[in-house]
Amino acid sequence: MKNVFITLITLLPLVFSGVSYAQKNKISSLSYEVKAIPGKSGVKGTVLFKVFSYGKNASEAIERGKRDAVHAVIFRGIPASNYSRPLIDDPDLMFDEAKYFKSFFGVKDLNSWQREKKAAPSYLNYVSYMDHVTINPEDITDLGKTKKIGVPVQVNVELLRSKLAKDGFIKKGIGF
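Residue numbers (my numbering): 37 to 212.
Set out below in structure tokens:
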């Protein structure tokens with residue numbers, strides 16, 4: 037019995053270190069919602085919508101919202117829009133090609149590329165925060181240490197589709 041107890045005590049830190057490693061290296065928390073903006077449409081080849089994302093403050097939620105918006109177009113689709121089908125139908129591809137998508141989404145942390153003076157993550161080439169659109173106060177929820185904010189974004193779906201086709205993840209000419 038004493039040996040079992042000693043074994044459990046020595047293995048317990050290993051179990052918890054494995055969990056924290058997995059949490060630090062995940063591609064996306066995938067905790068977001070998307071919603072079409074009624075009466076608004078983007079320029080041809082783009083989609084305009086709100087993504088409800090989480091952050092410690094408003095600027096972090098907005099940055100996370102940009103990443104979540106591109107993720108939604110690629111893997112979920114945008115309901116009530118011309119892009120309701122995702123660009124990639126296989127959600128497991130994100131994990132099968134984890135190295136590519138970690139690089140694409142720059143997952144170390146949202147703003148590490150600015151601090152480390154590195155090139156911005158690729159996803160930023162396909163999304164813009166609609167800063168001229170005021171965030172509705174009803175779209176801001178204070179959850180204690182975290183805020184949930186509805187971020188108005190525009191994603192260039194056609195440009196994103198051609199990038200994914202060039203990189204071999206979708207077939208050219210297939211889709212909408």
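Every residue gets a Cβ at the ideal spot worked out from N, C-alpha and C, and that includes glycine.
When DSSP states are grouped into helix, strand and coil, residue 79 belongs to the coil group. Out of 73, 105, 71 and 116, the CA that lies nearest to the CA of residue 191 is found in 105.
For the 8 Å CB-CB criterion, residue 103 and residue 131 do not form a contact. Every unbroken stretch of the beta strand (DSSP E) spanning 3 or more residues and falling wholly within the segment 106-186 is given here in chain order: 163-165 and 176-178. In terms of Cβ geometry, residue 94 and residue 183 form a close pair [threshold 8 Å]. A Cβ-Cβ distance of about 16 Å is found for the pair residue 162 and residue 98, leaving them out of contact under the 8 Å criterion. By the 16-neighbour rule on beta-carbons within 10 angstroms, residue 79 is exposed. If you draw a 10 Å sphere on the C-beta of residue 89, you find 16 or more other C-beta atoms in it, and that means buried.
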